[in-house]
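Protein chains in written order, with the working numbering: chain B, 1 to 83; chain G, 84 to 126; chain H, 127 to 615. Ideal placement from N, C-alpha and C gives every residue a C-beta, glycine not left out. Here is the structure we will look at.
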Amino acid sequence: MLVFGLNEPGNLRIMATTFKDGDPSYAGALGGIALGLKSYHIFELKDEIPAEVWTREMAFKELEVEDALIEQICTIMREIRGD
Amino acid sequence: MSILKGHKVAIFGERDDVAGSAVRSCVLAAGAEVVYETTSCFV
Amino acid sequence: MTDNPVIRNCAFCLVHVPDLVRYGSKPRRELEADPSLADRLDGALRSYEAGVGYPPNQTFIGNLSPQQLGQIPRPWFTRQSIRNGAAAAGPFGEIIHQDLFYAALRHANVLQPPLVALTTAADQKLERLLAAHSVFGPLARGAVSKDSADFQQEIAAGKALPLKTGGALQGLVRGDNRSEGAGDTNLDAHTLLEALTAKTTGALALRWLLHREGMQPDQVDYIISCGEEAAGDRYQRGGGGVAKAIGEMCGCVNASGMDVKNFCAAPASALITAGALIKAGLYERVAVVAGGSLSKLGMKSMAFLREGIPILDDSLGCMAFLVTRNDGASPMLRLDRGAVGKANIGASTSDQAIYEQLILQPLRSLGLTMADVDRFAPELHNPEIMEHSGSGDVAHKNYRMIAATAVLAGEIDKAGMSAFIERVGMTGFAPTQGHIPSGVPYVGHALAGMQAGELSRVMFLCKASLFLNRLTGLFDGVSFLLESQKRQP
Numbered sequence: 001m002l003v004f005g006l007n008e009p010g011n012l013r014i015m016a017t018t019f020k021d022g023d024p025s026y027a028g029a030l031g032g033i034a035l036g037l038k039s040y041h042i043f044e045l046k047d048e049i050p051a052e053v054w055t056r057e058m059a060f061k062e063l064e065v066e067d068a069l070i071e072q073i074c075t076i077m078r079e080i081r082g083d
Numbered sequence: 084m085s086i087l088k089g090h091k092v093a094i095f096g097e098r099d100d101v102a103g104s105a106v107r108s109c110v111l112a113a114g115a116e117v118v119y120e121t122t123s124c125f126v
Numbered sequence: 127m128t129d130n131p132v133i134r135n136c137a138f139c140l141v142h143v144p145d146l147v148r149y150g151s152k153p154r155r156e157l158e159a160d161p162s163l164a165d166r167l168d169g170a171l172r173s174y175e176a177g178v179g180y181p182p183n184q185t186f187i188g189n190l191s192p193q194q195l196g197q198i199p200r201p202w203f204t205r206q207s208i209r210n211g212a213a214a215a216g217p218f219g220e221i222i223h224q225d226l227f228y229a230a231l232r233h234a235n236v237l238q239p240p241l242v243a244l245t246t247a248a249d250q251k252l253e254r255l256l257a258a259h260s261v262f263g264p265l266a267r268g269a270v271s272k273d274s275a276d277f278q279q280e281i282a283a284g285k286a287l288p289l290k291t292g293g294a295l296q297g298l299v300r301g302d303n304r305s306e307g308a309g310d311t312n313l314d315a316h317t318l319l320e321a322l323t324a325k326t327t328g329a330l331a332l333r334w335l336l337h338r339e340g341m342q343p344d345q346v347d348y349i350i351s352c353g354e355e356a357a358g359d360r361y362q363r364g365g366g367g368v369a370k371a372i373g374e375m376c377g378c379v380n381a382s383g384m385d386v387k388n389f390c391a392a393p394a395s396a397l398i399t400a401g402a403l404i405k406a407g408l409y410e411r412v413a414v415v416a417g418g419s420l421s422k423l424g425m426k427s428m429a430f431l432r433e434g435i436p437i438l439d440d441s442l443g444c445m446a447f448l449v450t451r452n453d454g455a456s457p458m459l460r461l462d463r464g465a466v467g468k469a470n471i472g473a474s475t476s477d478q479a480i481y482e483q484l485i486l487q488p489l490r491s492l493g494l495t496m497a498d499v500d501r502f503a504p505e506l507h508n509p510e511i512m513e514h515s516g517s518g519d520v521a522h523k524n525y526r527m528i529a530a531t532a533v534l535a536g537e538i539d540k541a542g543m544s545a546f547i548e549r550v551g552m553t554g555f556a557p558t559q560g561h562i563p564s565g566v567p568y569v570g571h572a573l574a575g576m577q578a579g580e581l582s583r584v585m586f587l588c589k590a591s592l593f594l595n596r597l598t599g600l601f602d603g604v605s606f607l608l609e610s611q612k613r614q615p
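Structure follows, in structure tokens:
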């Protein structure tokens, strides 16, 4: 599985889709090759991470990144996984 | 069912977003194994 | 406090080199994979006039403030016309034409046979241009009288790279093809062009600094270079000597120098080091210089081509700063104990820990809070370039980190972050040239603002991705405070 720390929605879409279904532009090594791998963004995995580790590594990031963007990221990732 | 525990993870970080090292610390603490890690920086 | 050094002057230039975009790392690799790309690339290049009129470029040389730039609606790249009255020169420096750069590049060569050669016609024309320039004239040394060899043959044999203007051949750049250089990939034409470009653009910035200060080259005591290029052969790949090369080219006969390496944070490290040398009483007038990165030209060109917009990363940035003993008037570098922000190796790589060390600790050591800082200058990349290429607004992201630090310090709450950024922030305007956009492009504006009594205190925040050397996973951060001497202590 993949875990992303990048926050640009466009890049997330392309990468998550490529790892699951193959390169959407059909160019490159993964054109037409579906690896079927699931992608998550680290923001989605808060409940999985021990609280003290999350606080130390990610609490600052949660402040930094606009709430609307965090939501957008989580929505995109869920969509691509087909959850 | 844990999403991370016991799984092999490839990490793609971004310097001005979330760095690979931060993601690594998190997923290791959740019991995952990191098999690939990169942090991009194109500035 | 009174023995703190000052930043007395600075210069910022942009060297507009559309015909060198093909030698940037990304375009070069793309062209090797698909040579048919050349026409599309050429078709997307901007004219000199377009480069001059481009608002972020005008901000870089000081004709616009970052605040004024922020008021101009985007897209900025449509607003590029010299008819709008944009001048090629500004208070901090100028936007330099490719012809002048080629002329200066030839003078950067020290080898025989030369690494840079121009056709006879180009040589005479470009040398006249250089000699006539009010700032760069002293770099001229006369046209080379030799007949130009059969350049096309050398280029076709892969021993040299063409220097063109549009389709027309002006000259070439060779690798070191002597026996001691042949076969050494560190001395091939591409690598040497990168190094020569760094030297030449650094020299152009230093010339502007001397011009702006009304100073003779022989009055410089010491030179520190802080660019990111390596220079050296197979046995000493990153040996350095760039500062001395730049100083030699500019006639700084009384100066010695060294190169400071710290990725993008090198300008901050270099300014602090320059100040420390002065504070220690070793030198009196230290020039900190940085040439541009040829490798980063056209880094985002594929994105620009996809979007059908001009190639905006077509210019090399270069800059120079004059650090001296306290003159009682210029803005002061706070080099009191604890006043410089850093990121210790032992600090967690979490942003929280880094920003505490970078921002809060140095302020606390001076009895200050973030509220006492008028402006923060972090990485100031042009958002138009960064957003079109999928990196997002890097300057804004850095301001979010600074604001998050203020929340952490209990100075503001989460809801106050936007207002805080409004107060202390600015729009990015510098090109994607690594060490160039890293905080210090604001120095010119800060000096002007302090001179005008509009600003008292600015914190410069430079970050470095040390992990790019593959030797460490660390990030670095360096911060320093610049304070007006017009304020009440």
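What separation, rounded to the nearest whole angstrom, lies between the Cα atoms of residue i and residue j?
i                 : j                 : result
Gly542 of chain H : Ala532 of chain H : 10 angstroms
Ile208 of chain H : Phe227 of chain H : Its pLDDT being 46, under 50, Ile208 of chain H is placed unreliably in this model, and the coordinates cannot settle the point.
Ser305 of chain H : Leu313 of chain H : 11 angstroms
Ala93 of chain G  : Leu35 of chain B  : 13 angstroms
Val141 of chain H : Leu231 of chain H : 12 angstroms
Met527 of chain H : Arg13 of chain B  : 25 angstroms
Val270 of chain H : Leu241 of chain H : 13 angstroms
Lys612 of chain H : Pro131 of chain H : 15 angstroms
Ala115 of chain G : Pro181 of chain H : 48 angstroms
Ser342 of chain H : Gly377 of chain H : The question names Ser, yet the displayed sequence has Gln at residue 342 of chain H. Distance between the alpha carbons of Gln342 of chain H and Gly377 of chain H is about 9 angstroms.
Ser101 of chain H : Leu484 of chain H : Chain H is shown from 127 up to 615; residue 101 of chain H falls before or after that span and cannot be answered.
Phe138 of chain H : Arg360 of chain H : 33 angstroms
Ile221 of chain H : Lys370 of chain H : 25 angstroms
Val566 of chain H : Pro9 of chain B   : 30 angstroms
Lys387 of chain H : Ser582 of chain H : 30 angstroms
Phe277 of chain H : Ala248 of chain H : 13 angstroms
Arg81 of chain B  : Glu44 of chain B  : 12 angstroms
His337 of chain H : Pro50 of chain B  : 59 angstroms
Asp462 of chain H : Cys588 of chain H : 19 angstroms
Leu403 of chain H : Tyr409 of chain H : 6 angstroms
Classify residue i as helix, strand or coil using the three-state DSSP reduction.
i                 : result
Gln559 of chain H : coil
His90 of chain G  : coil
His223 of chain H : coil
Tyr228 of chain H : helix
Gly418 of chain H : coil
Arg411 of chain H : strand
Leu506 of chain H : coil
Met458 of chain H : strand
Mind checking if residue i is an interface residue toward chain B, Cβ cutoff 9 angstroms exclusive?
i                 : result
Cys109 of chain G : yes
Val106 of chain G : yes
Gly89 of chain G  : no
Phe125 of chain G : no
Could you give the first and the last residue of the continuous beta strand (DSSP E) run that contains residue i?
i                 : result
Phe43 of chain B  : Looking at the DSSP string, Phe43 of chain B is not in any beta strand (DSSP E), and its letter there is neither H nor E.
Tyr481 of chain H : Unbroken run through Tyr481 of chain H is the alpha helix (DSSP H), Asp477 to Tyr481; no beta strand (DSSP E).
Val242 of chain H : Val242 to Leu244
Gly268 of chain H : Note, Gly268 of chain H: premise wrong, no beta strand (DSSP E); not H, not E.
Phe447 of chain H : Ser441 to Thr450
Compare the C-beta of residue i against all C-beta atoms of chain H and say whether one is closer than 9 angstroms.
i                 : result
Glu48 of chain B  : no
Glu66 of chain B  : yes
Val92 of chain G  : no
Ala51 of chain B  : no
Ala102 of chain G : yes
Strictly under 9 angstroms for the Cβ-Cβ distance: is residue i near chain G by that measure?
i                 : result
Val520 of chain H : yes
Lys20 of chain B  : no
Tyr40 of chain B  : yes
Gly5 of chain B   : yes
Gly77 of chain B  : The sequence shown places Met at residue 77 of chain B, rather than the Gly named in the question. Output row for Met77 of chain B: interface = no.
Glu71 of chain B  : no
Leu45 of chain B  : yes
Residue range of the alpha helix (DSSP H) that residue i falls in?
i                 : result
Glu513 of chain H : Pro509 to His514
Thr122 of chain G : Where Thr122 of chain G is concerned, there is no enclosing alpha helix (DSSP H), although the beta strand (DSSP E) it sits in stretches over Glu116 to Ser123.
Gly10 of chain B  : Pro9 to Asp21
Phe186 of chain H : Pro181 to Phe186
Legend entry - Start-end ranges of the alpha helix (DSSP H) lying completely within the stretch 285 to 332 of chain H, minimum 4 residues: none
Legend entry - alpha helix (DSSP H) segments (min. 4 residues) lying fully within the stretch 344 to 398 of chain H: 368 to 376
Inset, instruction - Would you mind listing the alpha helix (DSSP H) stretches within the stretch 526 to 606 of chain H that are 4+ residues and don't spill past its ends, in chain order? - result: 543 to 550 and 569 to 577
Legend entry - Runs of alpha helix (DSSP H) lying entirely within the stretch 139 to 178 of chain H, each at least 4 residues, in chain order: 151 to 159 and 163 to 169
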